[in-house]
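Colleague: Positions 36 to 436 (my numbering) are the ones given, in order, by the sequence shown. Every residue, glycine too, gets a C-beta built ideally from N, C-alpha and C. Here the structure is a predicted model, which is why all the values come from computation and not from measurement.
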Amino acid sequence: MSTSTQTSTNVPLPQFYASVLRVLTPIFDGDVSVGDEAVQAQLAKAIDDLYLISRMITSLGLFSPNESADELSDRDLLFMTVPWVLGEAEQRGGIGGPVPRTEALKRSETAYGAFKQLLNSYGIETSEEGAGAVPADPGRRREAKIAAYKREKESREKITVSLSCVYPPVWKLTHQSVLPSHPPSSSNPTVFILALLTEEDSGSVSVNAEEKDVRSATLALLSLLSALTTGAQANTAMELELLRHAPPEPEQGPLEDPRAKRQEDEDAAWRLDRAPPSAAKPKDLISGGGRVLRPFTIMPSMGNLSERERLNSEVFRASHRLPTMTIDEYLAEEQRRGNIITGGGQASYDKPTESELMELEGEMDNYKAEEAQEKKRQKDEKWAQYTDDNRKGAGNTMNKG
């Protein structure tokens, strides 16, 4: 590592990469809102660090087109995940408008492409696995979705099994924040990257663990990221297409409010029962013959009160209603009552249906296959019973024809 790189990071490359992943993990998990300015600042800093790590990897010459994956160490294989993490981070940026969003998506698309190209150059991913085109036929699209889901599930299970062989139980109890003893299938891939990245530095690897377990977990992790990249590329292309056909933003020019002059001349108070302007003279209100020329209100004497105290006394009177809760409290109460609809979107569309999950479970395990067949049999029996009890057209008995 060069002297300038050490001065910029002050830590070794693996530790520097691990620190960036710890910052990005809650953002990728959705634990924090990406719309928050502080979160966007952390995301921008992490993206800059990822670009710095990418330049450091290039300067060190970790990857070369003249070598194969067998010649790389397990630690070097983990640094192949940098382009994928960069693509995920860029996808969560650019929320300032259509133009910055389009630029962020293009950078994300470039990072995803670099990750796929790197896997193909080392033969870790075949051309069939790397094909990211979405089939036009609905049947083929369904088969591709099931195949991608099956591939992702197999990769996650393989990673957890390999990591359970690498890490002893004592290490799991003392590092629950990095790797749970039994990670769920929905664990963020950055958790697996952190676990494999820090296993050599922690010094807590099991003495019975073999190098093939670490190697197997690393290769399964790259396969998982490749499967996730295929779906992310399709979503990115779809969003770019929508932004490309979006109407242009209106030109932001100086807008003059016609009410500004009137608000400057008059009192800023919003109450309807404010006193008439002091500039009005008695002869403007009542004529010499006692006829009222304009409406007016007789107010109590304010001779002993200053103007500031008089205005203060007219604020928040008995008829004024103060808010009883904040907007956040109101939304939380509506969420508790179930009045806020959640879900839907692309993630819900990509999620396999119940029938597809039962079919997939039946293919994976014989015991689960029997349970899935029993569930399907009960479902078909209930439907047959319903159709027997409710003959088609039986409800239209009063308004025939």
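Is it a yes or a no for the segment 98-110 touching the segment 126-145, going by three-plus beta-carbon pairs under 8 Å?
Modeller: With a cut-off of 8 Å, the segment 126-145 and the segment 98-110 do not count as touching, because too few Cβ pairs lie within range.
Colleague: Return the CA-CA distance between Ser99 and Val117, expressed in angstroms with no decimal places.
Modeller: Taking the straight line joining both Cα atoms gives about 16 Å.
Colleague: What are the boundary residues of the alpha helix (DSSP H) that Tyr147 is part of?
Modeller: Where Tyr147 is concerned, the enclosing alpha helix (DSSP H) stretches over 133-156.
Colleague: Here's a check: name, in chain order, each residue in its chain whose Cβ is nearer than 7 Å to the Cβ of Leu232, leaving out the five neighbours to either side.
Modeller: Answer for Leu232: Pro49, Tyr52, Ala53, Leu113, listed in chain order.
Colleague: Short of 7 Å in beta carbon distance, which residues of its chain neighbour Gln211, apart from the five on each side in sequence? Order them along the chain.
Modeller: Here Gln211 scores only 45 on pLDDT, less than 50, and its place in the model is too uncertain to base an answer on.
Colleague: Going by beta-carbon coordinates alone, are Phe227 and Ile194 separated by less than 7 Å?
Modeller: Contact flag set, yes.
Colleague: Counting only the same chain and skipping the five closest in sequence on each side, list residues whose C-beta sits under 6 Å from that of Ser197.
Modeller: Counting only Cβ-Cβ distances below 6 Å, and skipping sequence neighbours, we find Asp248, Ser251, Ala252.
Colleague: Suppose contacts are defined by Cβ-Cβ distances below 7 Å. Is Leu259 in contact with Ser190 by that definition?
Modeller: Taking 7 Å as the Cβ cut-off, Leu259 and Ser190 qualify as a contacting pair.
Colleague: Where are the alpha helix (DSSP H) runs, 4 residues long or more, that stay fully inside the segment 341-427, in chain order?
Modeller: Entirely contained in the segment 341-427, the alpha helix (DSSP H) runs reaching 4 residues are, in chain order, 342-348, 362-372, 380-385, 389-399, 401-424.
Colleague: Look up Ile321 in the DSSP assignment and say whether it is helix, strand or coil.
Modeller: Strand.
Colleague: Reducing DSSP to helix, strand and coil, say where His217 ends up.
Modeller: Unreliable positioning characterises His217 in this predicted model, as indicated by a pLDDT of 45, which lies under 50. The coordinate reading is nonetheless provided below. His217: coil per DSSP, three-state reduction.
Colleague: Counting only the same chain and skipping the five closest in sequence on each side, list residues whose C-beta sits under 8 Å from that of Asn223.
Modeller: Within the same chain, Asn223 has close Cβ partners Thr60, Phe63, Asp64.
Colleague: Taking Arg279 as the reference, give the member of Leu56, Thr359, Pro135, Arg352 with the closest Cα.
Modeller: Closest option to Arg279, Cα to Cα, is Pro135.
Colleague: Do Ala67 and Val58 have their CB atoms nearer than 7 Å?
Modeller: Just to set this straight, residue 67 is Val in the shown sequence, not Ala. Result no, Cβ atoms of Val67 and Val58 do not sit closer than 7 Å.
Colleague: Would you please state the rounded distance, in angstroms, between the beta carbons of Ala81 and Val55? I believe it to be under 8 Å.
Modeller: With 8 Å as the limit, Ala81 and Val55 qualify as a contact, their Cβ atoms being about 5 Å apart.
Colleague: Whole angstroms are fine: how far does the CA of Asp424 sit from the CA of Asp385?
Modeller: The alpha-carbon atoms of Asp385 and Asp424 are separated by roughly 35 Å.
Colleague: Does the distance from the CB of Gly448 to the CB of Tyr147 come in under 7 Å?
Modeller: Lying outside 36 to 436, the shown extent of the chain, residue 448 is not represented and no answer is given.
Colleague: Can you tell which of Gly132, Ser261, Glu187 has its C-alpha closest to the C-alpha of Gln152?
Modeller: Checked all of Gly132, Ser261, Glu187; the closest Cα to Gln152 is Ser261.
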